[in-house]
Each structure stands twice: as C-alpha cells, then as structure tokens.
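Undergrad:
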Amino acid sequence: MPDQNTGPMTSKKSTSAVVLGITAVALALSACAPSSTTGTAASSDSAGASVSASSASAAPVSVSGSSSAAPASTTAPSSPSASASASPSPSASASSAPASSGSTAAPSTPSAGDLPLCTASRLSGSAAALPGGGAAGSIYAGVTVKNTSDAACKLAGYPGVSFVGGGTGEQVGVPAQRDTSQAPVAITLKPGQSAQARLQITRAENYGQVCNLQPADGFRVFPPSATDALFLPYTANACGNPKIVLLHVGAFQPVR
C-alpha cells in the first residue's frame, strides 16, 4: 500500500524540479542580459575607440599626405623652368645670326653676274703685233683692252673686229670671224686691269687683184655684248672684196 502512495508524491517532486529548473534558467538569462548589454556597450566603445583611433590616425595621414603632396605640386613648376632653360635655344639661333650677317657682307665684292658690262666707254685699247709671227701668209696681233673706269666690270666672249680706213672710220671688207680654239672665259676686269684677244691677220697681198686692196687706218673693236666701239690704230692693208675674210679673232683672255 505504501508503494501506491509514493507514486503521486514522486510526480509532484518531478514537477517542482522542472519548475525550479525553468526558474533557474530564467534567472540565468536575466543575469546574462546585462552582461551582453555591457559587452555590446564595450564593443561599441571599442568600436568608437577604433573609429576615433582610425579617424584620428587617418586624419593626420591624409592631412600630412595632402601637405606633402602640395610641395610636390609646387615642385611641378620645374617643368616651366625646364622650358625656360630650353628657351635659350632661340638665343642660340640669335647667336648664329651674326654668322649669317657676316655672310651677307660678302656682296661688298660683287660677283661677275652683278657687275656692269665692260663697254667701250669704260675701256681704252691698243693693237700690236705679237711676237712669234703667224701662219704662212698671216701675222698675229693682240687686241688689248684696259679698264680705265673707277669700278670693276665684266668681260666675256669675242670682240667684234673689222678694218676701217679712208680717214673716216668707214669699214673696209668683212668683219673678223671667230677663232674657237680658245674658249671664252668670264673675266672680272678691275680698274687698271687688262684683257687680250688674239687676232690673226691674213695678208691682203695673197689675193692679188681680186682683193681690191685698200689701206686700213686700224680696227674698229666692239667689246662683247657692247654697242659702242673703240678705234685702235694699226697699219695694214685690207681687201675691199666682201668675199675675202682676212681677220680671225679669239675670245678675250685675262692678261697675267
């Protein structure tokens, strides 16, 4: 019988134990709540500390970084200084200018192309037999011109030469033909300088009566490309026959 009565009591004890366990759990939970709150606050404090620390540490870094960057940007004008140092290159070209100006001073001595022609008005002349004689039945004479002006002139090519006579300067016979055995040269004839053309004179007597022999007073000489002429006295006989050529003239050469 006693065993039957203990059954309900055991059940009640079990229920009480359960209630006590639940109560203990509840108390434990309530006790844990403040600690978690404190932990949260602590964590928030630590977070704030970390934030403030990071912001504080980051702020100086950014400030110091920007301040250090500012000098870097201020050093950037080194490129203008480089361009400023490069700018003296125009001065280098300017320094070369005197060389070019020096070269432009050369035209103070004009080239032959810039000189005036040696016309008869700038020249004096003479004709004289050359030593050594000539070919059979002919002689050689030199037709020499001299610059009597006060400036240089240019002379190049063959003179025009013909006999003149009768005391009037009238042409006798045909003009001289060109002797191309001497090539023309460009001559700059300065004041006082001379040039000479070699003139071959065939003897008029070689042609007999067909020559129509006439005494000559000398030569009319046209400088190359000139329209005025010099009269050069020279004693010789000429042929009035226009079919007979007695004169052959070479190009002017400078007299050394």
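Its first residue numbered 6, the sequence shown is counted upward by one per residue in the working numbering.
All residues carry an ideal CB built from backbone N, CA and C; glycine is no exception.
Look up P95 in the DSSP assignment and say whether it is helix, strand or coil.
TA: Its pLDDT being 41, under 50, P95 is placed unreliably by the model, and the measurement read from it follows with that caveat. Looking at P95 - three-state DSSP - the assignment turns out to be helix.
Undergrad: Taking just the CA atoms, how far does N246 sit from V215?
TA: Taking the straight line from one Cα to the other gives about 7 Å.
Undergrad: The beta strand (DSSP E) that contains G165, what's its start and end?
TA: Where G165 is concerned, the enclosing beta strand (DSSP E) stretches over G165 to G170.
Undergrad: Please list, in chain order, all residues of the same chain as Y239 whose beta carbon is under 6 Å from its beta carbon, the five residues on each side excluded.
TA: Correct list, in chain order: A132, G223 and F224.
Undergrad: N217 to A256, Cα distance in whole Å?
TA: Taking the straight line from one Cα to the other gives about 29 Å.
Undergrad: Going by C-alpha to C-alpha distance, which of T153, L128, K195 and G137 sits closest to A146?
TA: Cα-wise, what sits closest to A146 is G137.
Undergrad: Just to check my reading of the structure: V169 and E175 have Cβ atoms closer than 8 Å, yes? What is that Cβ distance to the nearest angstrom?
TA: Indeed, because the Cβ distance is near 6 Å, the residues count as touching under 8 Å.
Undergrad: In or out: V190 buried (at least 16 other Cβ within 10 Å) or exposed?
TA: Classification for V190: exposed.
Undergrad: Compare the C-alpha of L160 against each of D233, Y212 and P121 and name the closest.
TA: Taking only the C-alpha atoms, the option nearest L160 is P121.
Undergrad: Where does S71 land, buried or exposed, given buried means 16+ other C-beta within 10 angstroms?
TA: With a pLDDT of 39 at S71, under the threshold of 50, the predicted position of this residue should be treated as unreliable, though the coordinate-derived value follows. Result: exposed.
Undergrad: Just to confirm my understanding: we take Y163, look at its own chain, exclude 5 residues before and 5 after, and list those with CB closer than 8 Å. What are they?
TA: Once the five neighbours on either side are set aside, the close Cβ partners of Y163 are R183, P189, A202, P229, V254, G255, A256 and F257.
Undergrad: Measuring alpha carbon to alpha carbon, tell me which residue in Y212, C123, A209 and G213 is nearest K151.
TA: That would be C123, whose Cα lies nearest to the Cα of K151.
Undergrad: Between A125 and the rest of its own chain, which residues show a CB-CB distance below 7 Å, the 5 nearest in sequence each way excluded?
TA: If we look at A125 and ignore the five residues flanking it on each side, its Cβ neighbours are P228, A231, D233, A234 and L235.
Undergrad: Give me the Cα-Cα distance between G171 and N242, rounded to the nearest whole angstrom.
TA: Distance between the alpha carbons of G171 and N242: 12 Å.
Undergrad: Which stretch, first to last residue, makes up the beta strand (DSSP E) that contains N246?
TA: Taken as a continuous stretch (DSSP letters only), N246 belongs to no beta strand (DSSP E), as it is neither H nor E.
Undergrad: Looking only at its own chain, which residues have a Cβ that is under 7 Å from the Cβ of Y212, when we skip the five neighbours before and after it?
TA: So the qualifying residues of the chain are C244 and I249.
Undergrad: Hey, how far is the Cα of A181 from the Cα of L251?
TA: If you take the alpha carbons of A181 and L251, they lie about 7 Å apart.
Undergrad: Using CA coordinates, which residue listed in A221, A156 and S129 is at the minimum distance from K195?
TA: Comparing Cα positions, the closest option is A156.
Undergrad: Give a single yes or no on whether A181 has its beta carbon closer than 7 Å to a heavy atom of the ligand NAP.
TA: Among the ligands in the structure shown, none appear at all, so the ligand NAP cannot be discussed.
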